[in-house]
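From first to last, the protein sequence lines are chains A and B. Take 1 as the starting number for the first sequence in my numbering and just add one per residue. Take 1001 as the starting number for the second sequence in my numbering and just add one per residue. The beta-carbon is built from N, C-alpha and C at its ideal position, and this holds for glycine as well. Please read the structure below before turning to the comments.
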Amino acid sequence: MDDTVVLRAEGLVKRFRGVEAVSDVSLTMRPGDTTGLLGPNGAGKTTTLLMLLGAITPDAGSIEVCGHRLPQGRSRAMEHIGFAAGYLPLPERMRVNELLTMFAQLYGIAKPKPLIDAGLERFRIGHLATRHCTELSSGQRTLVGIVKAVLHRPRLLVLDEPTASLDPDVALRVRTGLQELCRDDGISLLVTSHDMLEVERLCRRVVFVSQGRIVADGTPAEVAARFGRGDLEGVFLHLAGERHQVHEVLGAEQTDRPA
Amino acid sequence: MSDVATSWLRIRAIARRHYYVLLRSPHRLFDVTIWPLVDVLLFGSLGVFVAQGHTTTGRAAAAYLLSGILLWHVVYQSQIGLATGLLEETWSRNLLNLMVTPLREIEYAAGVALFGMVKLAMGVAVVTLAAFGFFAFDAGRMGWGVIPIAAILLAVGWVIALFVIGLVLRFGSGAEALAWGILFVVMPLSGVFYPVKALPRILRPLAQSLPTTHAFAAARALVDGKAMPWDQVGLAAVTAVALGVVAIAFVTHMLAVFRQRGYVTRYS
Chain A
1 MDDTVVLRAE
11 GLVKRFRGVE
21 AVSDVSLTMR
31 PGDTTGLLGP
41 NGAGKTTTLL
51 MLLGAITPDA
61 GSIEVCGHRL
71 PQGRSRAMEH
81 IGFAAGYLPL
91 PERMRVNELL
101 TMFAQLYGIA
111 KPKPLIDAGL
121 ERFRIGHLAT
131 RHCTELSSGQ
141 RTLVGIVKAV
151 LHRPRLLVLD
161 EPTASLDPDV
171 ALRVRTGLQE
181 LCRDDGISLL
191 VTSHDMLEVE
201 RLCRRVVFVS
211 QGRIVADGTP
221 AEVAARFGRG
231 DLEGVFLHLA
241 GERHQVHEVL
251 GAEQTDRPA
Chain B
1001 MSDVATSWLR
1011 IRAIARRHYY
1021 VLLRSPHRLF
1031 DVTIWPLVDV
1041 LLFGSLGVFV
1051 AQGHTTTGRA
1061 AAAYLLSGIL
1071 LWHVVYQSQI
1081 GLATGLLEET
1091 WSRNLLNLMV
1101 TPLREIEYAA
1111 GVALFGMVKL
1121 AMGVAVVTLA
1131 AFGFFAFDAG
1141 RMGWGVIPIA
1151 AILLAVGWVI
1161 ALFVIGLVLR
1171 FGSGAEALAW
1181 GILFVVMPLS
1191 GVFYPVKALP
1201 RILRPLAQSL
1211 PTTHAFAAAR
1221 ALVDGKAMPW
1231 DQVGLAAVTA
1241 VALGVVAIAF
1251 VTHMLAVFRQ
1261 RGYVTRYS
């Protein structure tokens, strides 16, 4: 096993009903890397993440997580990954500590209580341990989701829109907690977000995806400079604008076509 | 921790999750308390009414109906337990959370089935006690022979659940109704309360191909006080294994389609 590579994805392709959602995406992450996967809605970010997590099978390409190739080595590979998404609810009819115990056990941790206590304290939500998951606010759910994702000390933490619809205070707490995790535990971070400022603060590297393809890869400053913009937000707006233009042209072509 | 110990830990974690779900949603106890009770009252009363004809067949009817409904609940509870386990994950949008852990599909199914055994024990206990309390039907009259028959019916319940799970994976919530509805198709074809020769001739070959048909035929022989018909039990076991192989192939294929077409996004 190559310890210097946490994730290696090469030539990923995914089509849905003939439409290419992801085209030839390759991504390598090393220990301690913090990477933001960015792009407008429908760019292929979530599809890419779900392929990396083994939840969607790519039509072409290969994925290896800590030396375990998907799909054959999926279970072993997932031992090294933690995942949380801002849009995913927590399971109903469970208390927070019951939920965390269950997920810890799915990762093979027989006595998870000390890890759960420490995880909750890291994000200052120890008081939520006995609360029902459905009683939590969206910010609290996000924090619990992240605690769940890092209980087993993964080598790679994948977060899809972790701070979507959070107020600035909670978003700051999430960001600070993540920075501590990456620094203290050497966890690699792969994150998607529409908050460009947050990505600039969290990630040393950004990968921009547009219409399923990687269009830029580098540090936030490098990527911004490549597109002649002052920051990532400028790049984002530029790519989103391009996409709208393409759609408008396609729409016009379709209108011109005879019925 | 060894691989076996880790698998066992995961299986118990899933079983415990479903324990919490049952504990905190009392309406789900309907399946293991009220429904079995209603079945006993319905079929027991029907049996008593038919027995008033004083014919030999009439007198046997009550015992056939009550033993039939008791053993049918083995199929029903094991099938519902496994199939609704997966549905619970889709309802609470927890499927993606589980899919990105090291949990293997077989471990998930085993965990749900393990807790399903608890629900099965509850449901069958209600039927047994109600049949005894209301109609003085002693389930013990079938003797130890009922154990292999119940084991086959338990396995058949899981096999039917695998078909339902496969269809839910492929067609999504549209296939949910099958979790309950499919048993209403299987039940009349299985000769739960009557011999297969009572069915319309055209349906008999189909009925004979079902493991449940042979299991219930064996159970009726025990109710009549006859020796265990091992040929029927053997046929039931062989057809159950054959159906099980097909069900596993079916659900494996549907899982591959589920991943290929990205259907997990329906639940996220």
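- Rounded to whole angstroms, the Cβ separation of V25/A and A43/A is 11 Å, and the two are not in contact under 8 Å.
- Sequence-ordered contacts of the segment 89 to 121 of chain A with chain B read P89, L90, P91, E92, R93, M94, R95, E98, L99, T101, M102, F103, A104, Q105, L106, Y107, G108, I109, A110 [C-beta pairs closer than 9 Å].
- The continuous beta strand (DSSP E) containing M29/A extends over residues 19 to 29.
- CA-CA distance, G82/A to D3/A, rounds to 18 Å.
- With fewer than 16 other CB atoms across the displayed protein chains lying within 10 angstroms of its CB, E180/A is exposed.
- Distances from the alpha-carbon of T1033/B to those of A1240/B, V1124/B, A1005/B, F1184/B put V1124/B closest.
- Contact between V96/A and L156/A fails: their C-beta atoms lie close to 24 Å from each other, not under 8 Å.
- With the criterion set as a beta carbon lying under 7 Å from some beta carbon of chain B, the segment 185 to 210 of chain A has no members that meet it.
- Shown here for A60/A: same chain residues with a beta carbon closer than 8 Å to its own, the five before and five after excluded, namely G11, L12, V13 in chain order.
- Boundaries of the alpha helix (DSSP H) around A1109/B: 1105 to 1135.
- With a threshold of 8 Å between beta carbons, M1099/B makes contact with chain A.
- Counting only unbroken stretches of 4 or more residues, the alpha helix (DSSP H) elements lying wholly within the segment 47 to 94 of chain A are 74 to 78, in sequence order.
- Setting aside the 5 residues that flank it on each side, F1258/B is surrounded in the same chain by L1169, each with a C-beta closer than 6 Å to its C-beta; the list follows chain order.
- In the DSSP assignment, E10/A falls within the beta strand (DSSP E) that extends over 7 to 16.
- Using a Cβ distance threshold of 8 Å, I214/A and V207/A count as a contacting pair.
- Of the candidates G1143/B, P1188/B, L1082/B, A1113/B, the residue whose Cα lies closest to the Cα of I1165/B is L1082/B.
- M78/A reaches chain B at V1100, T1101, P1102, counting residues in chain order whose Cβ is nearer than 7 Å.
- Ranked by Cα distance from L151/A, the first of T163/A, G139/A, F123/A is F123/A.
- Nearest in C-alpha terms to G126/A, of all of T48/A, I116/A, G212/A, is I116/A.
- Membership of V1032/B in any beta strand (DSSP E) is not indicated, and neither H nor E is assigned to it by DSSP.
- Inclusion of T192/A and L53/A in the CB contact set at 8 Å is not warranted, their separation being larger than that value.
- Annotated three-state conformation of I1202/B is helix, per DSSP.
- For the C-beta of Y1064/B, not a single chain A residue is nearer than 8 Å; the gap to the nearest is close to 40 Å.
- Contact between A1217/B and P1195/B holds, with the beta-carbon distance rounding to 7 Å and staying under 8 Å.
- For P58/A, the closest C-alpha among the options G1262/B, S1268/B, Y1267/B, R1266/B is that of G1262/B.
- Ranked by how close their Cα comes to the Cα of A1207/B, the residues R1201/B, K1197/B, L1189/B have L1189/B in first place.
- Taking 8 Å as the CB threshold, S75/A lines the interface with chain B.
- Exclusion of the five residues before and after G139/A leaves L166, D167, V170 as the residues of its chain whose Cβ lies within less than 7 Å of its Cβ.
- For I1182/B, the enclosing alpha helix (DSSP H) has its first and last residue at 1178 to 1189.
- No Cβ of chain A is located within less than 8 Å of the beta carbon of M1142/B.
- Annotation: D184/A is outside any beta strand (DSSP E); the continuous alpha helix (DSSP H) that includes it extends over 168 to 185.
- For R1017/B, a Cβ of chain A is located within less than 8 Å of the residue's own Cβ.
- Less than 8 Å divides the Cβ of E79/A from the Cβ of Y107/A.
- With respect to the 8 Å criterion, A164/A and G86/A are classified as neighbours on the basis of their beta carbons.
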